[in-house]
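There are 2 protein chains.
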Amino acid sequence: MTVLRDATLHQRILGDIEARIVSGEWPPGHRIPFEVDLAAEYGCSRMTTNKVLTQLAKSGLIERRKKSGSFVAHPRAQSAVLTIAEIEAEVQSLRLAYTHAIHARAKRRANAGDKQRLELSQAASVLDITCIHRAGSAPFCLEERLISLTTVPEAEAETFETVSPGTWLLKQVPWSAAEHRISAASADAAIAGLLGIEKGTACLVIERRTWSPAGPVTSVLLTYPGDRHALVAKFAPGGEG
Amino acid sequence: MTVLRDATLHQRILGDIEARIVSGEWPPGHRIPFEVDLAAEYGCSRMTTNKVLTQLAKSGLIERRKKSGSFVAHPRAQSAVLTIAEIEAEVQSLRLAYTHAIHARAKRRANAGDKQRLELSQAASVLDITCIHRAGSAPFCLEERLISLTTVPEAEAETFETVSPGTWLLKQVPWSAAEHRISAASADAAIAGLLGIEKGTACLVIERRTWSPAGPVTSVLLTYPGDRHALVAKFAPGGEG
DNA sequence: TTGGCGATAATGTATATACATAATGAAGAG
DNA sequence: CTCTTCATTATGTATATACATTATCGCCAA
């Protein structure tokens, strides 16, 4: 119920329509007023109402059909924005000291498993890195990463001792596309040892694969002890409130 | 590398700028041409380039500062759109028959735990439902749900035998806000029994809480056997590819 | 040197207008 | 009665214009 003080006309119209949809006053399937009618109602030009409705359509709240009008959409699937912070930032937001250590680092020709993880078809060489992230003195997260040296040859010269692989790659390829796969798994003996937890503990596993226009960049498995970590995703109809 | 055939001017400009950012040609911090210069380059009006840059700013790829210009943003956190399908749709996409069964259903005054889960402050009554979703004959997912009868009194009359609680609520409160919390947990004896898995199996747990303008609606814990399920979230710079 | 003041330059919002596009529905031809 | 055609109508995209907002820079004075 926060009344926006200096809301623009655009925001006012947008908010009014959103409120009527979210409250259920306009249920899915309901036809909302035409652009020209809304413009008349608010005493503005059609361009203004057009931009509002276009934005609502992009956010998925309404559907627009030429000649027919605009209709409140039927929600299909719960979708939400998932924010995965950098591990260092995540640890620091817990007011703990962040450190990382490289546990293993090897260059090799890509084997079958590597090719599948990176979606490589041709022969290529990769860098395989195992890294432990700590919050204070306790292990926080295990990182098992493959880097395609074909796409990022500069990685071969890096030891990643001072800068973690994730942070370094973010500088090299700032705006790559990514796909995340989130699942749960029991820690095997090796992982349990590295994370200092009991074998069989449930862990949250995030696999992130990233691509640049030049090709596959990296595939990383992040394993978190499950009882200590959770991902949070929020959804507000129409974007952010 | 798909060349858009009938791309609008807006899409062309947008794509060109995105490409230069994603490729690294324009690194974070780089100042991109002014609206008027872009307009001159493409032979269009400033309104067109303005809308393109405004959209890029909303998607987080650039930052805009009055008098200074527009700059490629520094990526802060990996964020991606997570789509959580309805369980029924999810099962059917696996080409399996979907059924659900109500295992328990109880109305009660909200206790301390209920109030915390629903973020209720006052006394209220809630409906507590345990429901098993099956793919074919095998359990697929366990649903433990609280519904606030203050916000959705109609729920009291529902048995949810024919329509699952999630589907029913989606009809009642179509466009509610939601918060998801994703974690991993070991199945205890009760959950293992209901899901037909061994005690201690790692499970993916999604807690979804939803609100309507009238107040908290529901809190649901979805527990999936971890080795059989994964969530997928994708990120493409600038929205969808 | 320092402090403030105003010109400037870039973005932010809104308007009126124009024409393109596509779906609907009605009129007309076979 | 059916198929085609065409006018209508609502959205989609783009333009030229206007004025508001707000950082930044340079000038001038204390």
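Chains A and B are the protein sequences, given in the same order.
Counting from -17, one number per residue, gives the positions in the first sequence under my numbering.
Counting from -17, one number per residue, gives the positions in the second sequence under my numbering.
We put the CB at the ideal spot given by N, CA and C, even for glycine.
>> Check whether the stretch 113 to 127 of chain B and the stretch 152 to 160 of chain B are in contact - that is, three or more C-beta pairs closer than 8 Å.
In response: no
> What are the boundary residues of the beta strand (DSSP E) that S187 (chain A) is part of?
Replying inline: A small correction: the amino acid at residue 187 (chain A) is Val; Ser does not occupy that position in the sequence shown. Unbroken beta strand (DSSP E) run through V187 (chain A): 184 to 194.
>> Threshold first: 3 residues or longer. Then list the beta strand (DSSP E) segments lying entirely within the stretch 66 to 143 of chain B, N to C.
In response: 80 to 91, 107 to 117, 120 to 130
>> Considering only the alpha carbon of each residue, which of A:A83, A:L(-9), A:L124 lies closest to F142 (chain A)?
In response: A:A83
> Just checking my contact of I129 (chain B) with V108 (chain B) at CB under 8 Å: how many whole Å lie between their CB atoms?
Replying inline: 6 Å
> Does the stretch 179 to 189 of chain B come within contact of the stretch 33 to 50 of chain A, defined as at least 3 CB pairs closer than 8 Å?
Replying inline: no
>> Assuming L177 (chain A) and P135 (chain A) are in contact, meaning their beta carbons sit under 8 Å apart, how far apart are those beta carbons, in whole angstroms?
In response: That pair is no contact at about 32 Å.
> Comparing alpha-carbon positions, which option in A:P147, A:T31, A:L203, A:V54 lies nearest R99 (chain A)?
Replying inline: A:L203
>> Taking the beta carbon of A169 (chain B) as the centre, do at least 16 other beta carbons fall within 10 Å, making it buried, or is it exposed?
In response: buried
>> Taking the alpha helix (DSSP H) that H(-8) (chain B) belongs to, which residues open and close that run?
In response: -9 to 4
>> Below 8 Å on the Cβ atoms is my contact criterion, and I expect I289 (chain B) with A59 (chain A) to pass it. Report the Cβ-Cβ distance as a whole number of Å.
In response: Since the displayed chain B opens at -17 and closes at 223, residue 289 (chain B) lies outside it and no answer follows.
> Roughly how many angstroms lie between the CA atoms of I(-5) (chain A) and V18 (chain A), to the nearest whole one?
Replying inline: 13 Å
> CA-CA distance, D(-2) (chain A) and A(-11) (chain A)?
Replying inline: 12 Å
> Comparing the C-beta of R163 (chain A) with each C-beta of chain B, is any distance below 8 Å?
Replying inline: yes
> From D209 (chain B) to A39 (chain A), what does the alpha carbon distance come to, in whole angstroms?
Replying inline: 37 Å
> So which residues of chain B does F217 (chain A) contact, with C-beta pairs closer than 8 Å?
Replying inline: A159, A160, E161, H162
>> Between the alpha carbons of Q104 (chain A) and A160 (chain A), how many angstroms are there, rounded?
In response: 21 Å
> In chain order, what residues of the stretch 122 to 154 of chain A put their CB closer than 7 Å to some CB of chain B?
Replying inline: L152
> Residues in its own chain within less than 6 Å of S201 (chain A) by CB, not counting five upstream and five downstream?
Replying inline: R99, L100, L128, R191
> Given a limit of 8 Å on CB to CB distance, which residues of the stretch -13 to 18 of chain B reach chain A?
Replying inline: A1, I3, V4, S5, G6, P9, P10
> For P15 (chain B), does the three-state DSSP call read helix, strand or coil?
Replying inline: coil
> Do the CB positions of A86 (chain A) and T112 (chain A) come within less than 8 Å of each other?
Replying inline: yes
> Is the Cβ-Cβ distance between R90 (chain B) and D110 (chain B) less than 8 Å?
Replying inline: yes
> What number of angstroms, rounded off, separates the C-alpha of T36 (chain B) from the C-alpha of W193 (chain B)?
Replying inline: 30 Å
>> Closer than 8 Å between beta carbons: that is the criterion. Which residues of the stretch 59 to 80 of chain B meet it against chain A?
In response: A59, Q60, S61, A62, V63, L64, T65, I66, A67, E68, A71
>> In whole angstroms, give me the CA-to-CA distance for I3 (chain A) and Y80 (chain A).
In response: 45 Å
> Helix, strand or coil for V145 (chain B) per DSSP?
Replying inline: coil
>> If I follow the unbroken alpha helix (DSSP H) through G175 (chain A), where does it start and stop?
In response: 171 to 177
> Which residue comes first and which comes last in the alpha helix (DSSP H) that contains A160 (chain A)?
Replying inline: Unbroken run through A160 (chain A) is the beta strand (DSSP E), 159 to 168; no alpha helix (DSSP H).
> Looking at the structure shown, is G34 (chain A) part of a helix, part of a strand, or coil, going by DSSP?
Replying inline: In the sequence as displayed, the identity of residue 34 (chain A) is Val instead of Gly. DSSP places V34 (chain A) in helix when its eight states are reduced to three.
>> Taking the beta strand (DSSP E) that K181 (chain B) belongs to, which residues open and close that run?
In response: Looking at the DSSP string, K181 (chain B) is not in any beta strand (DSSP E), and its letter there is neither H nor E.
>> Within a Cβ cutoff of 6 Å, which residues of the same chain sit near T132 (chain A), ignoring the five residues on either side of it in sequence?
In response: A106
> For I114 (chain B), which residues from the same chain have a beta carbon less than 7 Å from its beta carbon, with the 5 sequence-adjacent residues on both sides left out?
Replying inline: H82, A83, H85, P121, L124, L176
> Alpha carbon to alpha carbon, what distance is there between G6 (chain A) and M29 (chain A)?
Replying inline: 27 Å
> Is it right to say G220 (chain B) is buried, meaning 16 or more other beta carbons lie within 10 angstroms of its own, or is it exposed?
Replying inline: buried
>> My output table needs one value for K216 (chain B): the three-state DSSP class, helix, strand or coil.
In response: strand
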